[in-house]
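Numbering (my numbering), first residue to last: 847 to 1156.
Now the structure itself:
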C-alpha cells in the first residue's frame, strides 16, 4: 500500500483555522446564551451532548480536525503542526488555536465563579469514613450503612462516579473488571457510588452490565467527605475537550443521559480504598473526568502502605 502523502503546510493551516472558527462560533453562542435567563438554566439545559451547537460541540469539531489530518489523537495533531511551524501560515493558525483555548477557559472560569462552583481541591479529604454513613442499594432501593462492607477482612475500593452518562467512568470500571483477578489477589472489593437517582442507576446497570455493587449517595455525603466538588472548568476546559475527541476516533460513543432524570455532568469523581475499619488507605481525587488511577497505581500504593505498617 502506498504511503499517504504528507499534508502541506497550507492544508494544515486551513484545517486548524477551520477548527478555530468552529470553536469561536460555539463560544460566541455559549456566551450569548449565558447572558439570557439564569446561569443554572444555561448549564442544565443548554449544555447537552445532543446539542451540537453547545460547548460540547467542540469534541466533535476536534475529532473532525483529526480526521481531516488523517490522525486519531490530539498528540498526533500537535506533532503534525509543530513540524510545519516554520510556515508563517501555520504559525498564525496555531497562535489562534491557543488564543481560543485561553478565551474558552476564561469563560468557564467566569461561570464557575458566578455559580460559586468549586472543585474543592483545597479541602482536606477524609482519612476515615464512619460505619454509619447512610447509603441506598441501587438494585433494591433499600437503605444500608457503609458498615455493611467493613470488618470483613477485605479492603473496599469506593469508585465515586460522575454522572451516569460519564464515558470515562465506564471505561475505568471496565478496566477494573478486566483486572479483577489482581484486585482479588490483594483482597480488594470494588463498590461503585453515585449521587444519582435509582431510575438512572437501574438504567446505567442495564446499559453497562456492571456486576459491582452500586450504592446511591443522594445527598453527596461521601463526595463531600472526600472533598469532591463540581466545576465547569475541570470538565469542559479546552485541553480536555480535545482529549475527549480522541475517544470518538477510538470507536467510543459518549452515552446519552436519560431525558427523565436530572444529572450533574460537572460533579467530579474519585477512587478511595478503605481498610476494614474504614481508614482511607488510598485516595485519588480526580482533577478531571480523564484523571482516573490505573489498577497498577492503586495496588502499588496499597503494597507501600502495607509495608509501612508492617
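From the three backbone atoms N, C-alpha and C, an ideal C-beta is built for every residue, glycine too.
Are there 16 or more other CB atoms within 10 angstroms of the CB of residue 1134, so buried, or fewer, so exposed? Its Cβ being crowded by 16 or more others within 10 Å, residue 1134 is buried.
Assigned secondary structure, residue 1087 (DSSP; H/G/I helix, E/B strand, else coil): Residue state, collapsed to three classes: helix.
Would you mind reading off the limits of the beta strand (DSSP E) that contains residue 940? Per DSSP, residue 940 belongs to no beta strand (DSSP E); it is in the alpha helix (DSSP H), 934-961.
Run the CB neighbour count on residue 963, radius 10 Å, all protein chains shown included, and call it buried at 16 or more, exposed below. By the neighbour-count rule (16 or more Cβ atoms within 10 Å), residue 963 is buried.
Please report the residue range of the alpha helix (DSSP H) in which residue 1039 lies. No alpha helix (DSSP H) holds residue 1039; the beta strand (DSSP E) holding it covers 1034-1040.
Quick one: grab the DSSP three-state call for residue 1113. It is a strand residue.
Mind checking whether residue 990 and residue 1079 have CB atoms under 7 Å apart? Cβ distance not < 7 Å, so residue 990 and residue 1079 don't count as in contact.
I'd like the list of long-range same chain contacts for residue 1025, defined as Cβ closer than 6 Å, with 5 residues on each side in sequence excluded. Here the set comprises 1141.
Alpha carbon to alpha carbon, how far is residue 1160 from residue 1127? Lying before the first or after the last residue shown, residue 1160 is absent from the chain, which here runs from 847 to 1156.
What number of angstroms, rounded off, separates the C-alpha of residue 1003 from the C-alpha of residue 910? If I take the Cα positions, the gap works out to 38 Å.
State buried or exposed for residue 926, treating a residue as buried only when at least 16 other CB atoms are found within 10 Å of its CB. Buried.
Can you tell me which residues form a DSSP beta bridge with residue 1128? Per DSSP, 1119.
Name the DSSP bridge partner or partners of residue 1076? Its beta-bridge partners are 1113.
In the DSSP assignment, find the beta strand (DSSP E) that holds residue 1001 and state where it starts and stops. For residue 1001, the enclosing beta strand (DSSP E) stretches over residues 1001-1006.
Taking the alpha-carbon of residue 1090 as reference, which of 948, 1015 and 855 has the nearest alpha-carbon? Nearest of 948, 1015 and 855 to residue 1090, Cα basis: 1015.
What number of angstroms, rounded off, separates the C-alpha of residue 982 from the C-alpha of residue 1094? It is roughly 34 Å from the alpha-carbon of residue 982 to the alpha-carbon of residue 1094.
Between residue 1103 and residue 1109, which are expected to be in contact by the criterion C-beta below 8 Å, what is the C-beta distance as a whole number of angstroms? About 5 Å separates the beta carbons of residue 1103 and residue 1109, which is inside the 8 Å limit, making them a contact pair.
Exposed or buried, residue 995, counting other C-beta atoms within 10 Å across all chains shown (16 or more means buried)? Its Cβ being crowded by 16 or more others within 10 Å, residue 995 is buried.
Using CA atoms only, rank isn't needed, just tell me which of 1007, 1029, 1088 and 1044 is closest to residue 1147. Per the Cα distances, 1029.
Other residues of its chain near residue 987: CB distance less than 7 Å, five sequence neighbours each side excluded: Only 1044 meet the Cβ criterion.
Considering only the alpha carbon of each residue, which of 868, 1021 and 892 lies closest to residue 946? When only C-alpha atoms are compared, the closest one is 868.
Just how far apart, CA to CA, sit residue 847 and residue 916? Confidence in residue 847 is poor, its pLDDT being 38 and thus under 50, which makes the residue's placement too unreliable to answer from.
Go ahead and label residue 1010 buried or exposed: buried means 16 or more other beta carbons lie within 10 angstroms of its beta carbon, across all protein chains shown. With 16 or more other Cβ atoms within 10 Å, it is buried.
On the criterion of 16 or more Cβ atoms from any shown chain inside 10 Å, does residue 943 qualify as buried, or is it exposed? Result: buried.
Distance, residue 921 Cα to residue 866 Cα: Each residue's Cα considered, the two are about 17 Å apart.
Residue 860 to residue 937 span [Cα, whole Å]: Roughly 12 Å separates the two Cα atoms.
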